[in-house]
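Participant:
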Amino acid sequence: MAPKNARKVEMSEDSASEDSINHIPKRLWVMHGAVMFGREFCYAMETALVTPVLLQLGLPEQYYSLTWFLSPILGLIFTPLCGSASDRCTLKWGRRRPFILVLCVGVLIGVALFLNGSLIGLSLGDVPSNQPVGIVLTVVGVVVLDFCADALDGPIRAYLLDVADTEEQDMALNIHAFSAGLGGALGYMLGGLDWTNTFLGRAFKAQEQVLFFFAAIIFIISTTLHLFSINEPHEDDRSEWDVSIDFLNDLVRSKSDSVLAMPDSTSKDGDSGTTVKLLWLSMLKMPPQLWRLCVCHLLSWFSMIAQAVFYTDFMGQVIFEGDPTAAANSTALQNYSKGVQMGCWGLVIYAATAALCSGVCYVHVFIKIIYMLGTLGYTVGTAIMSIFPNIYVAMVMISTMGIISMSMSYCPYALLGQYHEIKELLCSYYIHHSPGNSRRGFGIDCAILTCQVYISQILVASALGAIVDAVGTVRVIPMVAAGGAFLGFLAAAFLVIYPDTLDDEDDDDDEDGQGLSSVQSEAASSNSTEKLSVSKSMPRNSSCKLGVESTV
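The numbering of the sequence shown is full-length UniProt numbering, which starts it at 1 and goes up by one.
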């Protein structure tokens, strides 16, 4: 009896220890999601004001598209490198947080230049009718803000997936989506208010300075909360099982713990670290599941960016019949400004809808249904907005952008987490479908998803300007957005692979398949009972372990 009692006590202690590791307090997840609040607040400022600010500064239309070209090109070059570098980072503070801090500083610098570029230019010799310095500073601010804010998404998501246990991923992603929607709503709301006649308007020189004051305070606080929320798993904190399986992997492939690890030890470049060529090959040699997900992500982002960037301009020119290039104090310019402010309130509705819809993910709804409803609802909303261009339709239908925003914030990353958890995918795709048989992980795969945002921005910048010029009105923008969203709906319905719909089939195959060896059974038991969040950076699988052992 004594040994049995001792064993029960030991098992209860192990269970308590496991619970303490697995379950991170919800308040820490709220702190972790605070950075999304600040990021979307700054994003809201850019989305709502970038077109009006640049047009009112006098930026020639032929150069306007270049503003949107620069940021995604930089992103395509540096974001995958950033993702791979974060996977290989060995700082004691963590792998993701150093990169998050640097990118957050970049966001703050971009907001400062974007909202204060005109005033800085005037202080350096510009005149209201000719502001070359102001234009350059504002464009640089837009590029820096856009690049850093987009690149920030990858490390943040990888950080979340690193520390979240399987059962916590949905909750954590929902908190991030809610925080993002709330931050965007507040940003659009503050951007839609007229601050010139308030005490803050009298304290500062211009409306943009007031908005920068809010953006700086909110973003600094939210970033600080995020960086000190949850400790990242450290190399010394991993379980003995992870250390042993890593040792076996080292014998077979390479000694790196990175996601895009070194080439095989038999290659000539085995000790040179991750090469740029190997990094980009990992993007070209993606697992089929990830490739399909990227197609859907690209189409969804294209449709959303097309509508979001031009929505306030659409309200000013089409709904309120204003002209951004009209003379100062003219009725046309005043109507345009009113339309822009009303557009900001419409974007408040969009962001609030995204925050409210994030609660839908708490209900046990299939990811496929959420993805399909988001893209289809947005298709219908933008199509109606284009057919009936009046203020009431535009204000109501923009809420559908919140639905697709919620689905894009949750579904791709939830699927990515599932792809990394499934043993068949881990062994067959996330090893053999990587160059040099290197192991894939959250850092590079999140960066690849982020690259779809950059590609969509390039498509918007290159295509929409020509389309608007050909048609002669920005009313065509909702039509283009509806077309892109419909293609995204088709991809979500028929192209994307959803592992949660295949779980039952996989379980049946496992039960009726070949017999498991004692080592494999041990590993499978370990998988089901020891889901330690500190080892999330390397998904564990019994079949993988057995394959490695047999190779050794």
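For glycine and all other residues, C-beta sits at the position ideal for the given N, C-alpha and C. Being a predicted model, the structure only gives us computed values, none of them experimental.
Please tell me whether I218 and F41 are closer than 8 Å, where the distance is taken between their beta carbons.
Facilitator: Cβ distance < 8 Å, so I218 and F41 count as in contact.
Participant: State the Cα-Cα distance for the pair G38 and I387, rounded to the nearest angstrom.
Facilitator: Cα-Cα distance, rounded: 35 Å.
Participant: Pairing CB atoms from the segment 170 to 190 with CB atoms from the segment 346 to 357, are three or more of them under 8 Å?
Facilitator: Touching, yes, given that three or more Cβ pairs across the two stretches are closer than 8 Å.
Participant: State the CB to CB distance for the pair L119 and G141, rounded to an integer number of angstroms; the pair is presumed to be in contact (CB under 8 Å).
Facilitator: At roughly 12 Å, the Cβ-Cβ gap does not stay under 8 Å, so L119 and G141 are not in contact.
Participant: Just to check my reading of the structure: L211 and L101 have Cβ atoms closer than 8 Å, yes? What is that Cβ distance to the nearest angstrom?
Facilitator: With 8 Å as the limit, L211 and L101 do not qualify as a contact, their Cβ atoms being about 24 Å apart.
Participant: Would you call F247 buried or exposed, if buried means 16 or more other Cβ atoms sit within 10 Å of its Cβ?
Facilitator: Low per-residue confidence applies at F247: pLDDT is 42, beneath 50, and the placement is therefore not dependable, though the value from the model is reported in the following sentence. It is exposed - the Cβ of F247 has fewer than 16 other Cβ atoms within 10 Å.
Participant: Taking the alpha helix (DSSP H) that F494 belongs to, which residues open and close that run?
Facilitator: Unbroken alpha helix (DSSP H) run through F494: V476 to F494.
Participant: If you reduce the DSSP assignment to three classes, tell me which class S179 lands in.
Facilitator: The answer is helix: DSSP assigns S179 an H, G or I state.
Participant: Among Y311, S405, G381 and T325, which has the Cα closest to the Cα of P60?
Facilitator: Of Y311, S405, G381 and T325, the residue nearest in Cα terms is T325.
Participant: Should the segment 295 to 311 be regarded as contacting the segment 142 to 149, the criterion being three or more beta carbon pairs within less than 8 Å?
Facilitator: No, because fewer than three Cβ pairs between the segment 295 to 311 and the segment 142 to 149 fall closer than 8 Å, the two stretches do not touch.
Participant: If you count every other CB in all the chains shown that lies within 10 Å of the CB of V163, and 16 or more means buried, which is it?
Facilitator: Buried, because 16 or more other Cβ atoms sit within 10 Å of the Cβ of V163.
Participant: How many whole angstroms separate the CB atoms of I448 and P80, which I take to be in contact at a CB cut-off of 8 Å?
Facilitator: Contact holds; Cβ gap of about 7 Å.
Participant: If you draw a straight line from the alpha carbon of E321 to that of Q334, how long is it in whole angstroms?
Facilitator: One C-alpha to the other measures close to 10 Å.
Participant: I need the boundaries of the alpha helix (DSSP H) containing N116, first residue and last residue.
Facilitator: R97 to S123 is the extent of the alpha helix (DSSP H) around N116.
Participant: Measure the C-alpha to C-alpha separation of T400 and C104 and round it to an integer number of angstroms.
Facilitator: Cα to Cα, T400 sits roughly 29 Å from C104.
Participant: What does V50 pair with, by DSSP beta-bridge criteria?
Facilitator: In DSSP, V50 forms no bridge with anything.
Participant: Between the C-alpha atoms of A203 and D194, what's the straight-line distance to the nearest angstrom?
Facilitator: Going from the Cα of A203 to the Cα of D194 covers about 14 Å.
Participant: Name the one or two DSSP bridge partners that V140 has.
Facilitator: The partner list for V140 (beta bridge, DSSP) is empty, contrary to what the question assumes.
Participant: If you compare alpha carbons, which of V35, Y419 and G488 is closest to H176?
Facilitator: Ranking V35, Y419 and G488 by Cα distance to H176 puts V35 first.
Participant: By DSSP, does N130 sit in helix, in strand, or in coil?
Facilitator: It is a strand residue.
Participant: What residues in its chain sit with their C-beta under 6 Å from that of S456, if we drop five residues either side in the sequence?
Facilitator: Contacts found: L298, W301, F302 and I305.
Participant: Give the DSSP-derived three-state secondary structure of Q520 in the structure shown.
Facilitator: At Q520, the pLDDT of 42 sits below 50, so the modelled position is not reliable and the matter cannot be decided from this model.
Participant: Could you give the DSSP three-state label for S229: helix, strand or coil?
Facilitator: Coil.
Participant: Roughly how many angstroms separate the alpha carbons of S462 and F69, rounded to a whole number?
Facilitator: Spanning the two alpha carbons is a distance of roughly 8 Å.
Participant: Go to Y413, then tell me how far its alpha helix (DSSP H) extends in each direction, as first and last residue.
Facilitator: It spans S399 to E421 - the alpha helix (DSSP H) in which Y413 sits, taken as one unbroken run.
Participant: Could you give the distance in angstroms between the alpha-carbon of V380 and the alpha-carbon of H420?
Facilitator: Roughly 34 Å separates the two Cα atoms.
Participant: With H, G and I counted as helix, E and B as strand and the rest as coil, what does DSSP make of Y430?
Facilitator: Residue placement at Y430 cannot be trusted, given a pLDDT of 48 that sits under 50; the coordinates are not used to answer.
Participant: Going by the beta-carbon positions, is the gap between M397 and T382 smaller than 8 Å?
Facilitator: Cβ atoms of M397 and T382: closer than 8 Å.
Participant: Would you mind sorting Y392 into buried or exposed? The rule is 16 or more other CB atoms within 10 Å of its CB.
Facilitator: When all chains shown are included, Y392 counts as exposed.
Participant: Short check: CB of N174 to CB of Y410, under 8 Å?
Facilitator: Their beta carbons are under 8 Å apart, which means N174 touches Y410 by this criterion.
Participant: Where are the alpha helix (DSSP H) runs, 4 residues long or more, that stay fully inside the segment 65 to 94, in chain order?
Facilitator: As far as the segment 65 to 94 is concerned, it has no whole alpha helix (DSSP H) run of at least 4 residues.
Participant: Is it right to say G472 is buried, meaning 16 or more other beta carbons lie within 10 angstroms of its own, or is it exposed?
Facilitator: So G472 counts as exposed.
Participant: Short of 6 Å in beta carbon distance, which residues of its chain neighbour L91, apart from the five on each side in sequence? Order them along the chain.
Facilitator: Around L91: P98.
Participant: Is it buried or exposed, P287, if we count other Cβ atoms within 10 angstroms and call 16 or more buried?
Facilitator: It counts as buried.
Participant: In three-state terms, what does DSSP make of N197?
Facilitator: N197: coil per DSSP, three-state reduction.
Participant: Around the C-beta of D469, are 16 or more other C-beta atoms found within 10 angstroms, so that it is buried, or is it exposed?
Facilitator: When all chains shown are included, D469 counts as exposed.
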